[in-house]
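Throughout the sequence shown, residue numbering follows my numbering, covering 1 to 400 in sequence. A short write-up of the structure that comes next.
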Amino acid sequence: GTVQNGGGTNRIDMGGVRQAYEEKQQRMQQEDEEEAGRTRTPEQWNEILAKKDMESQSRIAALEAQVEEMMLALKEKDEGNKESQRSVEKQRKRVRRAQSSLDGEEAEEHRAYASEVMWQQFQSLLSNDGGISRLTIYNDKWHENHEDAARLLWGYESYDEAKLYVDAYFPGEVEVIDDPSLHITMSKDGELKLPPLSLFERCMLCRIFFHAFTNQQIIGLIVDRHRTWIGKILKEWAPKWANVGMDLSCLDITSDYLFVEVPNKNIDLGKAKLVFVDGKDWLICPKGNDNAVAKCTYSSKTEKDSARCLTFSTASGLVFEWSPLFGGRAGERKIVEFMGSLGPVNAPLEEWEDIATKDPLTPADDTFWSVLTDVLTAAEFDTVLKQLEEGAPLVVNGLL
Numbered sequence: 001g002t003v004q005n006g007g008g009t010n011r012i013d014m015g016g017v018r019q020a021y022e023e024k025q026q027r028m029q030q031e032d033e034e035e036a037g038r039t040r041t042p043e044q045w046n047e048i049l050a051k052k053d054m055e056s057q058s059r060i061a062a063l064e065a066q067v068e069e070m071m072l073a074l075k076e077k078d079e080g081n082k083e084s085q086r087s088v089e090k091q092r093k094r095v096r097r098a099q100s101s102l103d104g105e106e107a108e109e110h111r112a113y114a115s116e117v118m119w120q121q122f123q124s125l126l127s128n129d130g131g132i133s134r135l136t137i138y139n140d141k142w143h144e145n146h147e148d149a150a151r152l153l154w155g156y157e158s159y160d161e162a163k164l165y166v167d168a169y170f171p172g173e174v175e176v177i178d179d180p181s182l183h184i185t186m187s188k189d190g191e192l193k194l195p196p197l198s199l200f201e202r203c204m205l206c207r208i209f210f211h212a213f214t215n216q217q218i219i220g221l222i223v224d225r226h227r228t229w230i231g232k233i234l235k236e237w238a239p240k241w242a243n244v245g246m247d248l249s250c251l252d253i254t255s256d257y258l259f260v261e262v263p264n265k266n267i268d269l270g271k272a273k274l275v276f277v278d279g280k281d282w283l284i285c286p287k288g289n290d291n292a293v294a295k296c297t298y299s300s301k302t303e304k305d306s307a308r309c310l311t312f313s314t315a316s317g318l319v320f321e322w323s324p325l326f327g328g329r330a331g332e333r334k335i336v337e338f339m340g341s342l343g344p345v346n347a348p349l350e351e352w353e354d355i356a357t358k359d360p361l362t363p364a365d366d367t368f369w370s371v372l373t374d375v376l377t378a379a380e381f382d383t384v385l386k387q388l389e390e391g392a393p394l395v396v397n398g399l400l
């Protein structure tokens, strides 16, 4: 916008020159129009005004047409916008519903995951730090962390061993794999509930009563039941456990078995091959209104009214015979003589003959196995049975 001369000291502003020229032209045109207006006649002015009016009207008509076209276009556009808005609103509703459904599913998944994680943490806490309760004493993981629990509660070396014995004692009656923590349910108001006491739990509670502590109130606290409820459990299961004990302590064995079963320690010490007799006195209710009964039941061991029982065991401690209950005054020697006078009584072994081959689920080439397999052969066992039938001399006490 500037031009320098040769010396470079004076500059010309070309923008200012151009602006001055345009202003001069405008003044000259304005002066010419004023001069022409002073010289025009009224007719010429009318013509000019009419021409201006026509031009104005044509412009107004054109503008009105354009306005009308624009209004139509705006109306169509407005209708299209409304339709788009309705479509967009429908789409938004679908998106909201989908989002709400996804949020609900995600929240449910989060709740389920959180519940599962919390339950696993709860199970881990119980198995590691939980005390005696329904959720622990029937839980495999808890017994893995408390190895002495099964022996202290039930007298078995492990919980697995306890389940195996119960399954053998009460086949078809007790489901031993019955952990109550696996059957927890939730009520309508959101409270967790334990299932009712199962047969396995009742069976083992009765075992706790006789082995660990004979206090019904403590056992009731363990399973959250009243003392009278525990009494009903004992009334049902105590006779069943008694039958198991009677079956396990009345065994048909021979003198040969007794001699072979003697521990090596006894042989090294030169001890005789004996059957051990042990007497036990049990307290009973006194009969103060009957002197004869009171005298018969008085025990010098307990110095109270008692009932006396003898058990007969091998040198290794296996109890194989027991006597009925007598009055505490009865002498143990007399009870032994009485038991010897009964003569041998054997189990019906003929029912076991060929039992393996008769079982449709057992292959025919299987051999029947018993606890005497390592001691006597089948032929030797048959010989012993024949000798028993013929009245051969047996053990000193004559029980067999």
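Here a beta-carbon is modelled for each residue, glycine too, at the ideal position from N, C-alpha and C.
Looking at the structure shown, is R308 part of a helix, part of a strand, or coil, going by DSSP? Counting from one through the sequence shown, the residue named residue 308 turns up at place 308. In the structure shown, R308 sits in a strand (DSSP, three-state: E or B).
Given this structure, state the Cα-to-Cα distance separating R151 from I233, to the nearest angstrom. Here the question's residue 151 lines up with position 151 in the sequence shown. Here the question's residue 233 lines up with position 233 in the sequence shown. Between the alpha carbons of R151 and I233 lies a distance of about 22 Å.
For F213 versus I219, is the C-beta spacing smaller than 9 Å? Walking along the sequence shown from the start, residue 213 turns up at place 213. Walking along the sequence shown from the start, residue 219 turns up at place 219. Between F213 and I219, the gap from beta carbon to beta carbon is short of 9 Å.
Please state whether the Cβ-Cβ distance between I335 and D305 is less than 9 Å. The count along the sequence shown starts at 1 and reaches residue 335 at position 335. The count along the sequence shown starts at 1 and reaches residue 305 at position 305. With a cutoff of 9 Å on beta-carbon distance, I335 and D305 are scored as not near each other.
Does the beta-carbon of G328 have 16 or more other beta-carbons within 10 angstroms, so that it is buried, or is it exposed? Within the sequence shown, residue 328 is the residue found at index 328, counting from 1. With a 10 Å radius around the Cβ and a threshold of 16 neighbouring Cβ atoms, G328 comes out buried.
When the Cα atoms are used, what is the spatial distance from G155 to E161? Counted from its first residue, the sequence shown places residue 155 at position 155. Counted from its first residue, the sequence shown places residue 161 at position 161. Each residue's alpha carbon lies about 10 Å from the other.
Burial state of E380, where buried means 16 or more other Cβ atoms lie within 10 Å: Reading the sequence shown from its first residue, position 380 is the one you call residue 380. It is exposed - the Cβ of E380 has fewer than 16 other Cβ atoms within 10 Å.
Can you tell me which residues form a DSSP beta bridge with G326? On the sequence shown, position 326 is the one that residue 326 refers to. Per the sequence presented here, residue 326 reads as Phe, with Gly not at that position. Answer is R308.
Which residues does DSSP list as the beta-bridge partners of V277? Numbered from 1 along the sequence shown, position 277 holds the residue referred to as residue 277. V277 is bridged by DSSP to F312.
Report, in whole angstroms, the separation of the C-beta atoms of R134 and P180, which I expect to be a contact under 8 Å. Here residue 134 corresponds to residue number 134 of the sequence shown, with the count starting at 1. Here residue 180 corresponds to residue number 180 of the sequence shown, with the count starting at 1. Contact annotation, R134 with P180: C-beta distance approximately 5 Å; criterion of less than 8 Å satisfied.
Go ahead and pull the three-state DSSP assignment for K192. Start at 1 with the first residue of the sequence shown, and residue 192 comes out as number 192. It is worth fixing the name first, because residue 192 is Leu in this sequence and not Lys. Looking at L192 - three-state DSSP - the assignment turns out to be strand.
Start-to-end residues for the alpha helix (DSSP H) that takes in I253: Your numbering for residue 253 matches position 253 in the sequence shown. Per DSSP, I253 is not a residue of any alpha helix (DSSP H), being assigned neither H nor E.
Once DSSP output is grouped into helix, strand and coil, what is the label at W282? In the sequence shown, residue 282 corresponds to position 282, counting from 1. Annotated three-state conformation of W282 is strand, per DSSP.
Considering only residues of the same chain and omitting the five flanking positions on each side of Y113, which have a CB-CB separation below 7 Å? The residue you call residue 113 lines up with position 113 of the sequence shown. Residue placement at Y113 is poorly supported in this model, since its pLDDT is 48, which falls under 50; the coordinates still yield a value, given next. Around Y113: no qualifying Cβ.
Contact under 9 Å by Cβ, S249 with V319: Locating residue 249 in the sequence shown gives position 249, where the first residue counts as 1. Locating residue 319 in the sequence shown gives position 319, where the first residue counts as 1. Yes, the Cβ-Cβ distance between S249 and V319 is below 9 Å.
Say yes only if the C-beta of I208 is nearer than 8 Å to one or more non-hydrogen atoms of the ligand GTP, and no if none qualify. Inclusion of the ligand GTP in the displayed structure is not the case, the ligand content being empty and no account of it being possible.
Given that a residue counts as buried once 16 or more other Cβ atoms are within 10 Å of its Cβ, and exposed if not, what is R97? For the purposes of this step, residue 97 is identified with residue 97 of the sequence shown, where counting begins at 1. R97 counts as exposed, since fewer than 16 other beta carbons sit within 10 angstroms of its beta carbon.
Nearest by alpha-carbon distance to S316: which of L199, G279 and K265 is it? As a working mapping, residue 316 is identified with position 316 in the sequence shown. The shortest Cα separation from S316 among L199, G279 and K265 belongs to K265.
What residue range does the alpha helix (DSSP H) around T214 cover? Taking the sequence shown and counting its residues from 1, one reaches residue 214 at position 214. For T214, no alpha helix (DSSP H) encloses it, and the DSSP letter there is neither H nor E.
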